[in-house]
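**Student:**
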Amino acid sequence: MRRWVHDITGFFFPLYCPVCGNVLHLPGEVICLSCEQKMPFTHYINDPENPVAQLFWGRIEMEGAFSLLRFEKGSKYQPLLHLLKYKGHRKMGVFLGRMLGHALKNSVLSQADLVVPVPLHPKKERIRGYNQSSLIAQGVAEITGIPLHERILFRRENTASQTRRNRYERWENMEDVFGLCREAEGYSDLTFLLIDDVVTTGSTLEACATTLKRLPGAGIYVATLACA
Ligand SMILES: [Zn+2]
-18 MRRWVHDITG FFFPLYCPVC GNVLHLPGEV ICLSCEQKMP FTHYINDPEN
32 PVAQLFWGRI EMEGAFSLLR FEKGSKYQPL LHLLKYKGHR KMGVFLGRML
82 GHALKNSVLS QADLVVPVPL HPKKERIRGY NQSSLIAQGV AEITGIPLHE
132 RILFRRENTA SQTRRNRYER WENMEDVFGL CREAEGYSDL TFLLIDDVVT
182 TGSTLEACAT TLKRLPGAGI YVATLACA
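The opening position of the sequence shown corresponds to residue -18 in the working numbering, with each subsequent residue numbered one higher.
(1) Taking only heavy atoms of ligand 1 into account, decide whether any of them is closer than 6 Å to the Cβ of V4.
(2) Tell me which same chain residues have a C-beta within less than 8 Å of the C-beta of P21, skipping the five on either side of it?
(3) Along the chain, where does the alpha helix (DSSP H) that runs through A84 open and close?
(4) For ligand 1, I want to know if V0 counts as a neighbour, meaning its beta carbon is within less than 6 Å of at least one of the ligand's heavy atoms.
(5) Return the chain-ordered list of same chain residues with a C-beta closer than 7 Å to the C-beta of V158, the five sequence neighbours on each side being excluded.
(6) With hydrogens ignored, establish whether the beta-carbon of C13 is closer than 6 Å to any heavy atom of ligand 1.
(7) With DSSP run on the structure shown, which of helix, strand or coil describes V96?
(8) Once DSSP output is grouped into helix, strand and coil, what is the label at T(-10)?
(9) Am I right that L134 and G78 are in contact with their C-beta atoms under 8 Å? What's the rounded C-beta distance?
(10) Helix or strand or just coil, what does DSSP make of R107?
(11) Spell out the partners DSSP gives I201 in its beta bridges.
(12) Please check the pair V180 and L186, which I expect to be a contact at CB under 8 Å, by giving their CB distance rounded to whole angstroms.
(13) Going by C-alpha distance, which of G2, T23 and Y168 is nearest A210?
(14) Is the Cβ of L95 closer than 7 Å to any Cβ of chain B?
(15) Just how far apart, CA to CA, sit Y111 and P98?
(16) Kindly examine ligand 1 and report whether one of its heavy atoms sits closer than 6 Å to the Cβ of C208.
(17) Between I26 and A190, which are expected to be in contact by the criterion C-beta below 8 Å, what is the C-beta distance as a whole number of angstroms?
(18) Using a Cβ-Cβ cutoff of less than 7 Å, which residues in the same chain neighbour Y168 once the five nearest sequence positions on both sides are dropped?
(19) If you follow the alpha helix (DSSP H) that A118 is in, where does it begin and where does it stop?
(20) For a quick check, are the C-beta atoms of A122 and V89 less than 7 Å apart?
(21) Could I get the ranges of all uninterrupted alpha helix (DSSP H) runs contained in the stretch 12 to 49, with 4 residues as the minimum, in chain order?
(22) Quick check: what's the CA-CA separation for A162 versus V0?
(23) Can you list, in chain order, the residues of its chain with a C-beta nearer than 7 Å to that of G(-9)? Leave out the 5 residues immediately preceding and following it.
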């Protein structure tokens, strides 16, 4: 029945693979099989010295860090994250989150106690209607079986003019960006798996990790869909 409905709606509104532009045929498909198989996977899940882990060396102590995909400049896979972030393609978030979950499943990162998405600016979330990191985190939680806690961290409103600051000023400014929810005050000896869509400088994830580390005995893993 679902297949039939998909065929009918697909006849009037064909869905296209955002990477190659070919028509998608299977129900629930968000990218074609051929493009899925050729995704730029990093494959360094079991390497504790991988480039994403190294990004945080000398900055903050973490138990491990990982990105599923590596995006070179102008990568034809960039539209996947663009659709997720700016075009309301929520299915893409959960789909990619599940993919990340499968990569994490048999790794040391799956030993985390809670999956925690990086919060979006409240204003941005209101406009967008969702937080893309939460969608990814849902997919990760579903596949790994690790419980999801979406609201342990919150993001304060006023962090404008970030882009006009240099890296040090930005870091100083990032320190107060995130807070812990009241419920978390009783938490101790938990390991968190922080989830974001992309890691570039790592300053957002560093700030989230710093905030979580205020909890006694907190351990941190980081996993993102892509690194740029
Ligand atoms: Zn394709």
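Positions of the beta carbon are idealized from the N, C-alpha and C atoms, including for glycine.
**Tutor:** In this structure, then:
(1) Here residue 4 refers to the residue found at position 23 when the sequence shown is read from its first residue. Outside the cutoff, so no.
(2) By one-based count along the sequence shown, residue 21 stands at place 40. The residues are L50, R51, F52, E53, S56 and Y58.
(3) For this step, residue 84 is matched to residue 103 along the sequence shown. If you look at A84, you'll find it in the alpha helix (DSSP H) that goes R71 to L85.
(4) Reading the sequence shown from its first residue, position 19 is the one you call residue 0. Yes, the beta carbon of V0 sits closer than 6 Å to at least one heavy atom of ligand 1.
(5) Locating residue 158 in the sequence shown gives position 177, where the first residue counts as 1. In chain order, R136, R137, T140 and A188 place their CB closer than 7 Å to the CB of V158, counting only its own chain and leaving out the 5 sequence neighbours on each side.
(6) The residue given as residue 13 occupies position 32 in the sequence shown. Checking every heavy atom of ligand 1 against the Cβ of C13, one is found closer than 6 Å.
(7) Along the sequence shown, read from residue 1 onward, the residue named residue 96 stands at position 115. In the three-state reduction of the DSSP assignment, V96 falls in the strand class.
(8) As a working note, residue -10 is residue 9 in the sequence shown. Because T(-10) carries a pLDDT of 48, less than 50, the predicted location of this residue cannot be relied on, and no value is offered for it.
(9) As a first step, residue 134 is located in the sequence shown; it is residue number 153 there, counting from the start. As a first step, residue 78 is located in the sequence shown; it is residue number 97 there, counting from the start. Beta-carbon to beta-carbon, L134 and G78 are separated by about 18 Å, too far to satisfy the 8 Å threshold.
(10) Taking the sequence shown and counting its residues from 1, one reaches residue 107 at position 126. Note: R107 maps to helix in three-state DSSP.
(11) Position 220 of the sequence shown, counting from 1, holds the residue named residue 201. Bridge partners of I201: F173.
(12) To locate residue 180, count along the sequence shown from 1; it is residue 199. To locate residue 186, count along the sequence shown from 1; it is residue 205. About 6 Å separates the two Cβ atoms, so the contact holds.
(13) Since the first residue shown for the chain is -18 and the last is 209, residue 210 is missing from the structure and cannot be characterised.
(14) Reference to chain B is not applicable here, since this structure consists of a single protein chain.
(15) Along the sequence shown, one-based indexing puts residue 111 at 130. Along the sequence shown, one-based indexing puts residue 98 at 117. Distance between the alpha carbons of Y111 and P98 is about 12 Å.
(16) Locating residue 208 in the sequence shown gives position 227, counting from the first residue. C208: no, Cβ never under 6 Å from ligand 1.
(17) Numbered from 1 along the sequence shown, position 45 holds the residue referred to as residue 26. Numbered from 1 along the sequence shown, position 209 holds the residue referred to as residue 190. Contact check for I26 and A190: beta-carbon distance about 19 Å, past the 8 Å limit, so the pair fails to qualify.
(18) The residue labelled residue 168 in the question sits at position 187 within the sequence shown. Only L196 meet the Cβ criterion.
(19) One-based indexing of the sequence shown puts residue 118 at position 137. Looking at the DSSP string, the run of the alpha helix (DSSP H) that includes A118 is Q113 to T125.
(20) The residue labelled residue 122 in the question sits at position 141 within the sequence shown. The residue labelled residue 89 in the question sits at position 108 within the sequence shown. No, these two residues do not count as a Cβ contact at 7 Å.
(21) Listed in chain order, the complete alpha helix (DSSP H) runs (minimum 4 residues) inside the stretch 12 to 49 are 14 to 18 and 32 to 36.
(22) By 1-based counting over the sequence shown, the position of residue 162 is 181. By 1-based counting over the sequence shown, the position of residue 0 is 19. Sequence inspection shows Cys at residue 162; the Ala mentioned does not correspond to that position. Their Cα atoms are separated by approximately 39 Å.
(23) For the purposes of this step, residue -9 is identified with residue 10 of the sequence shown, where counting begins at 1. Caution applies to G(-9), whose pLDDT of 46 falls short of 50 and renders its modelled position unreliable; the value that the coordinates give is listed next. Answer for G(-9): no residue qualifies.
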